[in-house]
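The structure appears below as structure tokens.
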Amino acid sequence: MIDILSLTKNELGDILAEYGLEDYRKRQIFSFVYKHFVDDIDKITTLKKDVRDLLKDRFFISTGRCTKTTYAEDGTVKYLLKLQDSNKIESVFIPMKNDRNTICVSTQVGCRMGCRFCATGKMGLVRNLDTSEIVLQVRYIMKKHSLKNANIVYMGMGEPLDNYDNVVKSVKILIDEDGINISRRKITLSTCGITPAIEKLKEDLPYINLALSLHSAADEKRSYLMPVNRKYPLKEVMESLKTFPMPRRKRITFEYVMIENVNDTKEDRKALLRLLSTYKSKLNIIPLNKHNLMNSGLNPTSNEKIEEFAGYLRNKGMFVTVRNSKGSSIKAACGMLATKV
Ligand code: SF4
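Each residue of the sequence shown is one higher than the one before, starting from 0 at the first, in numbering that gives the first Met the number 0.
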């Protein structure tokens, strides 16, 4: 049996053709699965009963099995979804004003990148999610909250570019005009900086938003915080980003989790200025979340110092935001998603 959520529209069309079904059927199915969010092939009422019976022998539509929902005071909702093999992942709905609701999806159970400040990294990699498991998170939350549109950020559990094929395919399904039809401009892939995958992405998915987990502009410090920097040094990653085709008027986001006495010094801000001065960039400073799973010895920088750091860079002409970490009270904020250690 094939999960429809694992297929692009053309892949679905190819299988339908094997049954002698017309090509336009793939559009009808996509529309019912992704616009009307049906979970049952029998509810695709534009198909005749004999066609539906034929499809039911070969296809199913997976649904998320939510085992726990946690609500934060700021409106953020975290869903714990149980997968077929009983592994669990977390997906987050972040309500925003002006139709800018955001869905944060996971791409792996755990992560093998081992960033020092991240709860997911402490889990190690259990396995990659398959395409349907990524798509179902979006579909589940959109249906639950009756959303017609949303920003999708690949910033949940896992490193998206370490599960490259499934992530790219999931984006292709989400942007399909006969399906959910999310604009590329509203999709952000966040990466710790796997250079060969960024290069490949230029061909496979140009004009989506990229965010780099930067966390230090100095190589040695970055390697301390993010072991991946030893394999793919910052210089290489930055070179690769220079030629990434971004959507018009969009900036590359650089994420910067701010940690007391580690990356919040005067030298750090000067290094950032030097590194980012030639990029059309947005620096997103995120106060470190103290997660009870972490014994990293790292501490958050005070709000006062964060503001001073950000103010200095703004005065030098940089575009800087300090993210108020939505959902931190329910461990749904950056670096806090983890289902087991
Ligand atoms: S920050 Fe991202 S890449 Fe690093 S360990 Fe956590 S999930 Fe993995």
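For each residue, glycine too, the CB sits at the ideal point set by N, CA and C.
Leaving aside the five residues that flank I14 on each side, none in its chain has a CB nearer than 6 Å to its CB. Assigned with DSSP and collapsed to three states, G109 falls in strand. A straight-line Cα-Cα distance of about 43 Å links K77 and G19. The beta carbon of L53 lies closer than 7 Å to those of Y18 in the same chain, with the five residues before and after it left out. The C-beta separation of S239 from T194 comes to about 5 Å, placing the pair in contact by the 8 Å criterion.
By a beta-carbon distance limit of 8 Å, V91 contacts C103. Their separation comes to about 4 Å.
Between the alpha carbons of Y163 and A196 lies a gap of roughly 7 Å. Per DSSP, reduced to three states, the secondary structure at I3 is helical. If you check the C-beta of S212 against the ligand SF4, you find a heavy atom less than 7 Å away.
In the assembly as shown, N314 is an exposed residue. Its beta-carbon has fewer than 16 other beta-carbons within 10 Å. Taken through DSSP and simplified to helix, strand or coil, F92 comes out as strand. In the three-state DSSP reduction, F308 falls in the helix class (H, G or I). R64 is bridged by DSSP to K81. In this structure R183 touches I207 by the C-beta definition: roughly 5 Å separates them, less than 8 Å. CA-CA distance, N302 to L287, rounds to 11 Å. Between the ligand SF4 and G123, a heavy atom-to-CB distance of less than 7 Å is absent.
The bridge partners DSSP lists for A210 are S189, T252.
When only Cα atoms are considered, D177 and K142 end up about 17 Å apart. Scanning S222, D161, S215, T252 for the CA closest to the CA of E259 turns up S215. Of the heavy atoms belonging to the ligand SF4, none sits nearer than 7 Å to the Cβ of T101. Relative to the ligand SF4, M112 has its C-beta within less than 7 Å of a heavy atom.
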